[in-house]
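S.K.: There's a structure below that I have some questions on.
Residue numbers (our numbering): 0 to 167.
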């Protein structure tokens, strides 16, 4: 995934935040005269909206903190931010306009599949690195010495690209 500039990121977040702020008053208008609230009528959609919004906030704050420290942000954090903001908007649209919301949800699923394919290798690499670091930490704590195997045909030992001593 190509890196995005901070202007592109700000525009993306601004558009999606604006759409959420636009749809909330429409939600209030729809349920203005009704005896039932949107929390009673569409509790699953409201819960999905809150979870998506909290995920969006957490991923965005993490992304900005890493950018401030000039640390490369992992793709799956950027992708989580780019997926959770639209689904928050889509859940509000599904409450107000169900058929339009389903159409937007289908587009979002295609976007999700594209980003999932893009970031699955990175997630598995990070999980593998974490597993290696945990096993190394357990070996150090238990005092188990690892014996180096003899190299076949005088090949240099393979080195890992990650170090477990530095905090992530």
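Heads up, the beta-carbon is just placed ideally off N, CA and C, and yes, glycines get one too.
Distance, Cα to Cα, residue 48 vs residue 14?
M.R.: So the alpha carbons of these two residues sit roughly 17 Å apart.
S.K.: Taking the straight line between their C-alpha atoms, what separation do you get for residue 6 and residue 101?
M.R.: Rounded to the nearest angstrom, the two C-alpha atoms are 30 Å apart.
S.K.: Taking all protein chains shown into account, decide if residue 22 is buried (16 or more other Cβ within 10 angstroms of its Cβ) or exposed.
M.R.: So residue 22 ends up on the buried side.
S.K.: Flag this pair as yes or no: are the beta carbons of residue 54 and residue 18 separated by less than 8 Å?
M.R.: Contact: no.
S.K.: Just tell me which of 51, 132, 86 and 57 has its CA closest to the CA of residue 105.
M.R.: Looking at the Cα atoms, 86 is the closest of the given residues.
S.K.: Under the assumption that residue 77 contacts residue 62 (Cβ atoms under 8 Å), give the Cβ distance between them as a whole number of angstroms.
M.R.: That belief holds up - the Cβ atoms of residue 77 and residue 62 are roughly 6 Å apart, short of 8 Å.
S.K.: Can you find the residues in the same chain that come closer than 6 Å, C-beta to C-beta, to residue 79, ignoring five residues on each side of it along the sequence?
M.R.: So the qualifying residues of the chain are 58.
S.K.: Helix or strand or just coil, what does DSSP make of residue 34?
M.R.: Three-state DSSP puts residue 34 in coil, outside helix and strand.
S.K.: Can you tell me the Cα-Cα spacing of residue 9 and residue 16, whole angstroms?
M.R.: Taking the straight line from one Cα to the other gives about 10 Å.
S.K.: Just tell me which of 24, 115 and 94 has its CA closest to the CA of residue 45.
M.R.: Nearest option by C-alpha distance: 94.
S.K.: What residue range does the alpha helix (DSSP H) around residue 123 cover?
M.R.: Run containing residue 123: 97-141, per the alpha helix (DSSP H) assignment.
S.K.: Select from 108, 135, 121 and 131 the residue whose C-alpha is nearest the C-alpha of residue 71.
M.R.: Answer by Cα proximity: 121.
S.K.: What first and last residue would you give for the alpha helix (DSSP H) that runs through residue 66?
M.R.: From DSSP, the alpha helix (DSSP H) with residue 66 extends over 42-67.
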